[in-house]
Each structure stands twice: as structure tokens, then as C-alpha cells.
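Reading through the C-alpha cells given below for one structure.
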Amino acid sequence: MDASQEVFLRVFRFLPGFQEESGFSTWIYRIGVNVCKDMLHRRLKRAEQPLEVPDEEDEGRPVDVPDLRYDPERIMEGVELRQALSDAILALPEQQREIIILRDIRGLSYEEIALALALEAGTVKSRLFRARENLRKKLLQNGNIFGVSVSKPVKGGKSDEIL
């Protein structure tokens, strides 16, 4: 479908330059062949390989990987989680909310936050730690997140620590 669309676009674009030295159908055919060759060359350059799973005969069979970006359930879960997170951030004390917003939402460095709030960098780090801990507790308390283990242990922390 992409190739046929590209062929018609090129025919439309280059129609004023058609010199009638050959038949119109031959001219369109040549454009179609060139478009298909161009698309094959581009595909080979990208070296797309299908995802395959070995089967009993030790041959790979292609696997369809679903695109979950548009899954209504997943979208709704994301909306609900964002709302729960927003509510939990708004429920934090002002100092903690301010630190969380500046660091985790606005992406400021510790030094930038320290300058903006006239604090020491160490104070920013400790307040951020307390704010995140308070946020985690609020989310767990409201049932918005469940006891999920951290992906990598925190320095000085336990391996079964929650979020």
C-alpha cells in the first residue's frame, strides 16, 4: 500500500514532465518498479529481522508482538495511576511537594534546586528522600500501588524493600 501510494504521488508530481516518448502505462510501470526497488533497498539497509521462536523442528516461526500502546485497559490504568500520583503529590506538605515537583517533574539538578530554594545541596537531598518516602507511603496506603520490590537494592537497604 505504501508503494502504490508513493507511485501515485510521483506520477502526480512528475506528470508535467512526461514527454510522451513512451506509452503512459510504460512510464507509470517504470515509476512503480523504481519505487519498489527503492523501498527494498531501504528495508535491507535497516536489516529488519522478524522475531522468531524455535519450534519442534528447530525452525523459527515468526511471532506476532502485540502493540499495547492503544490497549484501552492499559490506557485507563495509566490515567488512573497518573491521577493517584497527582493526588498523592498534592497531599504532601508544601516543602516536600515543592522538592518533588522541582526534581522529579521539572528535572532540575540538586544544585539548581538548592539555588532556587536557598538551601544546601545536602538539605535538598535529605528533603527529597523524605518526600519520596512519604509519597510512597501515601500510594501504598491508598492501594494505588502494591508491594513491588525495587529493581536494584538501595545502598544500605534491604533486598525485600518496597518501592
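Okay, so the sequence shown: first residue is 1014 according to this note's numbering, each after it adds one.
We put the beta carbon where it would ideally sit given N, CA and C, even for glycine.
Could you tell me the boundaries of the alpha helix (DSSP H) in which residue i lies?
i     : result
Y1083 : No alpha helix (DSSP H) holds Y1083; DSSP gives it neither H nor E.
M1014 : Careful: M1014 lies outside any alpha helix (DSSP H) and carries neither H nor E.
F1037 : 1037-1059
Would you call residue i buried or exposed, if buried means 16 or more other Cβ atoms sit within 10 Å of its Cβ?
i     : result
A1016 : exposed
L1022 : exposed
R1043 : exposed
V1078 : exposed
I1118 : exposed
L1028 : exposed
D1173 : In this prediction, D1173 scores a pLDDT of 45, lower than 50, which makes its location untrustworthy; no coordinate-derived value is stated.
E1146 : exposed
R1087 : exposed
L1261 : The displayed coordinates of the chain run from 1014 to 1176. Any statement about residue 1261 would go beyond what the structure contains.
L1148 : buried
A1144 : buried
V1048 : buried
D1109 : Correcting the residue identity first, residue 1109 is Gln in this sequence and not Asp. Q1109 should be labelled buried.
M1052 : exposed
K1171 : Any reading at K1171 is ruled out, since the residue's pLDDT is 49, under 50, leaving its predicted position unreliable.
Please determine, among the options, the residue with the shortest C-alpha to C-alpha distance to residue i.
i     : options                    : result
R1082 : A1144, G1091, A1101        : G1091
Q1096 : G1036, E1019, E1034, L1152 : L1152
E1093 : N1047, H1054, I1158        : I1158
E1124 : L1115, R1116, A1134        : A1134
L1141 : G1030, I1114, L1128, V1020 : I1114
R1026 : L1053, S1099, I1041        : I1041
V1020 : E1034, K1050, Q1032, E1033 : K1050
I1112 : A1129, D1100, L1098        : A1129
Give me the DSSP bridge partner(s) of residue i.
i     : result
E1065 : P1075
inquiry  = Suppose only complete runs of 4+ residues qualify. What are the alpha helix (DSSP H) ranges in the region 1104-1167, listed by chain order?
reply    = Listed in chain order, the complete alpha helix (DSSP H) runs (minimum 4 residues) inside the region 1104-1167 are 1107-1113, 1123-1130, 1134-1154.
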